[in-house]
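In our numbering, the protein residues as written are 389 to 464.
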């Protein structure tokens, strides 16, 4: 595991410093999972938006599902 620094309010910081090691470990695991999900969601949403823009541009330029299938079949 790696360490990062996050900002919290004073009371949370004080409670963290006095928490037992087992609690800190459990809380760290929960935060790690939650943070990973949040960061992944942002990337996922950005990817979906980019794919939607590409699909819109392709459609505006006349690409249909049939044409796409023909193009993909040519590569076989």
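Note that beta-carbon positions come from the ideal geometry of N, C-alpha and C, so glycine has one too.
Just so we're clear, the structure is a prediction, and the values are computed from it rather than from any experiment.
For residue 413, the first and last residue of its enclosing alpha helix (DSSP H) | In the chain shown, the residue the question calls residue 413 occupies position 25. Residue range 409-448 is occupied by the alpha helix (DSSP H) that includes residue 413.
Cβ-based neighbour list, residue 450, same chain, cut-off 8 Å, excluding 5 preceding and 5 following = Within the chain shown, numbered from 1, the residue matching residue 450 stands at position 62. Result list for residue 450: empty, nothing under 8 Å.
Separation of residue 425 from residue 409, as counted between CA atoms = Along the chain shown, one-based indexing puts residue 409 at 21. Along the chain shown, one-based indexing puts residue 425 at 37. For residue 409 and residue 425, the gap between their C-alpha atoms comes out near 24 Å.
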